[in-house]
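Heads up: the structure comes next, in structure tokens.
2 protein chains.
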Amino acid sequence: MLSYTEENYLKAIYHLSDSGTKAVLTSEIAETMNTKAASVTDMIKKLSNKNLIAYEKYYGVKITKQGRHEALMVVRKHRLWETFLVQKLQFSWDEVHDVAEQLEHIQSSLLIEKLDEFLEFPTVDPHGHPIPDKSGKIVEVRQIPLSECSGKKKIIVRSVKHGSPSFLQYLSKIGVYIGASVSILDKVEFDGSLEIMIDSKKKVFISREAAQNLLVTE
Amino acid sequence: MLSYTEENYLKAIYHLSDSGTKAVLTSEIAETMNTKAASVTDMIKKLSNKNLIAYEKYYGVKITKQGRHEALMVVRKHRLWETFLVQKLQFSWDEVHDVAEQLEHIQSSLLIEKLDEFLEFPTVDPHGHPIPDKSGKIVEVRQIPLSECSGKKKIIVRSVKHGSPSFLQYLSKIGVYIGASVSILDKVEFDGSLEIMIDSKKKVFISREAAQNLLVTE
DNA sequence: ATATTTTTTTAGACTAATCTAAATTTTTAT
DNA sequence: ATAAAAATTTAGATTAGTCTAAAAAAATAT
């Protein structure tokens, strides 16, 4: 069984590796975990000994099949708890992250399966991120940043790339939510900002950064 | 802020001291925490330095006002989570303890207040134990062991003294639950066992130990 | 191609929580 | 009242996770 800290490292490596596809550097892990490279090296050795990652000195790590599965189970728990907090306890989507960071480490498969059932087997969390099922399977929907959309087609907001509380609060303020329908009215040459229409009733300008951080389907 | 371990020690001391009224010995703590006396001495010093307990060498510890409050907050969280697991996730009352032991350490006052509200401010948990409110207040209802009841008055089962999974499973099996109405039909001289009627429809014999572990109001 | 910079690893130390073994204090028994 | 037993504390060691400083390797820049 993995420790609290091991689970956190493994999850960080999973996310940094694009869901387990590419290698991750010691320094990247140190940055996202807010630790020093020396500490990361120590933990890398531990996870490597448990066959959760493949480690080659000085060349970073790659997550193994087993490691990917363990990481997915933590991600599953995190996202189910976030869904619970928003749907059942009336948290707003910008308040759930830190609490879910704690809840994701509760060890009880009975709990998580019952929670999943209670929530009626959701496939995405409050930020639009997919929830792995019991076996680790994810339903991936191809999404692109709003900043890369063209023309006047109907666009649906599917998820946020990075869900910082301040970005999420901003979205709420301007009326953007997961599932919202938007259309692009104009693109400003000067700074790449967009004028968009939300739900056919509200016009707003959003910056290029914001548009790059909103993932949509056309 | 208290560590996971400090919270557990404090909670154990609270329970062993009859809700903070009497002194507790090092060896008692060691026994319930499954640790050695030497480890307990170390932790006692830590909690004492934080003014959560009053410690006199060789004479055990007494919980302070502040320590009692901290312990009550952990107890509150434990019992609210148990209530959630049974009422919302359909756990049975013998399955909740170990999971609640983990959940009680989640740090978020927003979470616990919202959970309380979601459960509609319950006053007792699935084992009939009182749930402290936000400020630590407990509604104590005077209860006596079923073994000490006399005559044929109407008796209501209020709580279990010690809720081990096996005892709880046994109660379910014979049809006893919190709130059940029982009456005493006969007391066996030989071994102190009782013949009782449950909800005016089922007669069973229960041992003296079982009767001592069931708390009721007459 | 070699020197400089950057990244990574190693070595050694620290804290929290635990342990065993030894020393000390209290309790119990005669 | 004193000796034996039991409980408690102290001393010193261990493990997980972290750190700083130094050494080693890789990347980069001229």
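Respectively, the protein sequence lines represent chains A and B. Anchor point for the first sequence: position 212 equals 199 in my numbering, and the numbering is continuous, going up by one each time. Anchor point for the second sequence: position 35 equals 22 in my numbering, and the numbering is continuous, going up by one each time. Every residue gets a Cβ at the ideal spot worked out from N, C-alpha and C, and that includes glycine.
Under a CB-based cut-off of 7 Å, is F105/A close to chain B? Here the question's residue 105/A lines up with position 118 in the first sequence. Output row for F105/A: interface = yes.
Host beta strand (DSSP E) of V147/A (start-end): The residue you call residue 147/A lines up with position 160 of the first sequence. Its beta strand (DSSP E) spans residues I142 to V147.
Based on DSSP bridge pairs, tell me the residues matched to S168/A. Locating residue 168/A in the first sequence gives position 181, counting from the first residue. According to DSSP, which records beta bridges pairwise, S168/A is partnered with I143/A.
So A58/B and L3/B are in contact, right, with Cβ under 8 Å, and what is the actual spacing, rounded? Numbered from its first residue, the second sequence carries residue 58/B at position 71. Numbered from its first residue, the second sequence carries residue 3/B at position 16. So it is not a contact: roughly 11 Å between Cβ atoms.
If you count every other CB in all the chains shown that lies within 10 Å of the CB of R232/B, and 16 or more means buried, which is it? With chain B covering -12 to 205 only, the question about residue 232/B has no answer from this structure.
Got a sec: is the Cβ-Cβ distance from K121/B to anything in chain A below 7 Å? Here residue 121/B is taken as the residue at index 134 of the second sequence, counted from 1. Judged by the 7 Å Cβ criterion, K121/B is not in contact with chain A.
Only counting runs of 4 or more residues, tell me where the alpha helix (DSSP H) segments fall wholly within the region 7 to 88 of chain A, in order along the chain. 13 to 20, 24 to 36 and 52 to 74
Range of the contiguous beta strand (DSSP E) that encloses F192/A: Translated into positions along the first sequence, residue 192/A becomes position 205. Here the beta strand (DSSP E) through F192/A covers K189 to I193.
If I follow the unbroken beta strand (DSSP E) through I183/B, where does it start and stop? As a first step, residue 183/B must be located in the second sequence, where it is residue number 196. Per DSSP, I183/B belongs to the beta strand (DSSP E) from L181 to I185.
Proximal residues, the region 160 to 176 of chain B versus chain A, C-beta separation under 9 Å: none
For the pair the region 78 to 97 of chain A and the region 38 to 56 of chain A, tell me if three or more CB-CB distances fall below 8 Å. Contact between the region 78 to 97 of chain A and the region 38 to 56 of chain A is absent: fewer than 3 CB-CB pairs across the two stretches fall below 8 Å.
Are three or more beta carbon pairs between the region 195 to 203 of chain A and the region 167 to 186 of chain A nearer than 8 Å? Enough Cβ pairs lie closer than 8 Å, so yes.
Where E91/A and S14/A are concerned, what is the direct C-alpha to C-alpha distance, given to the nearest angstrom? For the purposes of this step, residue 91/A is taken as the residue at position 104 of the first sequence. For the purposes of this step, residue 14/A is taken as the residue at position 27 of the first sequence. Between E91/A and S14/A, the alpha-carbon positions lie close to 25 Å from each other.
Integer-rounded CB distance, given that V169/A should sit under 8 Å from V147/A: Against the first sequence, residue 147/A aligns to sequence position 160. Against the first sequence, residue 169/A aligns to sequence position 182. Contact doesn't hold; Cβ gap of about 14 Å is too wide.
Just the C-alpha distance for I171/B and L98/A, rounded to the nearest angstrom, thanks. Position 184 of the second sequence, counted from the first residue, corresponds to residue 171/B. Position 111 of the first sequence, counted from the first residue, corresponds to residue 98/A. So the two alpha carbons sit approximately 38 Å from each other.
Selection of the region 31 to 49 of chain A by Cβ proximity to chain B, strictly under 8 Å: none
Between V86/A and chain B, is there a C-beta pair that is closer than 7 Å? What you label residue 86/A is simply residue 99 of the first sequence in a count that begins at 1. For V86/A, the answer is yes, since a Cβ of chain B falls inside 7 Å of its Cβ.
Give a yes or no on whether the C-beta atoms belonging to A(-1)/B and T19/B are separated by under 7 Å. Working through the second sequence from its first residue, we reach residue -1/B at position 12. Working through the second sequence from its first residue, we reach residue 19/B at position 32. Cβ distance < 7 Å, so A(-1)/B and T19/B count as in contact.
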